[in-house]
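Heads up: the sequence shown begins at 35 in our numbering, then just goes up one per residue.
Ideal placement from N, C-alpha and C gives every residue a C-beta, glycine not left out.
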Amino acid sequence: MTSHVSMKPTSWRRVGLLALFLAGTLAWKGAEGVSERYGFGINVTQSLPHWAFITDRKARTPKRGELVEFVAPPTPYYPGGQRFVKRVAGVPGDMVEVRGRSFFVNGVFVGQAKPLSQDGRPAEPGPIGRIPEGRFFVAGDHIDSLDSRYAAIGWIPASRIIGRAEPIL
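What follows is the structure, given as structure tokens:
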């Protein structure tokens with residue numbers, strides 16, 4: 035009489051499920067480090083030409099010209115905690131001037147401030163003068179961008195910056 039060992043199909047299924055569970059757990063734990071450093075954001079306005087961004091949360095000291103994701107202060111238009119992505123147009127020590135409703139940083143035009151918001155409310159211009167240490171002037175590319183040109187946003191404190199944003203779409 036010959037004896038042979040055979041694995042039942044359910045045993046192979048269990049091995050496969052266990053392998054799948056282990057692979058998923060390892061992938062999740064590996065991605066955990068990535069998700070701690072990187073975030074994904076979507077821009078739902080016309081303020082910038084891109085609508086999807088990856089944010090590097092470890093790059094929290096922005097340079098002029100870079101895009102940053104930050105937590106905006108509460109405004110009449112957005113609730114507190116809203117995240118924005120804007121371009122850094124001014125860094126600490128830069129000089130912000132306004133001529134009429136045109137904003138300049140170190141003499142370079144960065145945008146026009148509208149007198150009224152889209153819903154007809156007065157749009158108070160943002161701060162001018164030398165940007166203090168730990169603050170940044172941020173601007174969108176669109177005329178309707180809510181950014182440092184307006185008092186509702188003002189200069190962004192470094193403590194509100196989440197990280198440097200890179201457009202992906």
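Suppose the cutoff is 6 Å on Cβ atoms and the five residues either side in sequence are ignored; what does the same chain contact list for residue 186 look like? 109
How many Å lie between residue 200 and residue 153 at the Cα? Answer to the nearest angstrom: the Cα atoms are 31 Å apart.
Should residue 97 go down as buried or exposed, given a rule of 16 or more other Cβ atoms within 10 Å for buried? exposed
Going by beta carbon distance, what residues of the same chain come within less than 8 Å of residue 117, once the five residues before and after it are set aside? 75, 103, 104, 105, 106, 196
Please state whether the Cβ-Cβ distance between residue 139 and residue 161 is less than 9 Å. no
Supposed contact pair residue 132 and residue 170 - C-beta distance, whole angstroms, cut 8 Å: Rounded to the nearest angstrom, the Cβ distance from residue 170 to residue 132 is 17 Å, too far for a contact under 8 Å.
Rounded to whole angstroms, what is the Cα-Cα separation between residue 70 and residue 83? 27 Å
For the beta strand (DSSP E) containing residue 101, list its first residue and its last residue. 101–105
Just tell me which of 165, 164, 188, 148 has its CA closest to the CA of residue 157. 148
Beta-carbon proximity of residue 79 to residue 179, cut-off 9 Å: yes
Please report how far the alpha carbon of residue 122 lies from the alpha carbon of residue 87, in whole angstroms. Between the alpha carbons of residue 122 and residue 87 lies a distance of about 15 Å.
Limits of the beta strand (DSSP E) - the one that residue 201 falls within: 195–201
Segments of 4+ residues assigned as alpha helix (DSSP H) that fall wholly inside the region 116–156: none
Note down, one range per segment and in chain order, each beta strand (DSSP E) of at least 3 residues found wholly within the region 163–194. Within the region 163–194, the complete beta strand (DSSP E) runs of at least 3 residues are 169–173.
Taking a contact to mean a Cβ-Cβ separation below 9 Å, would you say residue 127 touches residue 137 in this structure? The answer is no: Cβ separation not under 9 Å.
Distance between residue 135 and residue 141 (C-alpha atoms, nearest Å): 14 Å
Name the one or two DSSP bridge partners that residue 89 has. 73, 199
Does the Cβ of residue 193 have 16 or more other Cβ atoms within 10 Å, making it buried, or fewer, making it exposed? exposed
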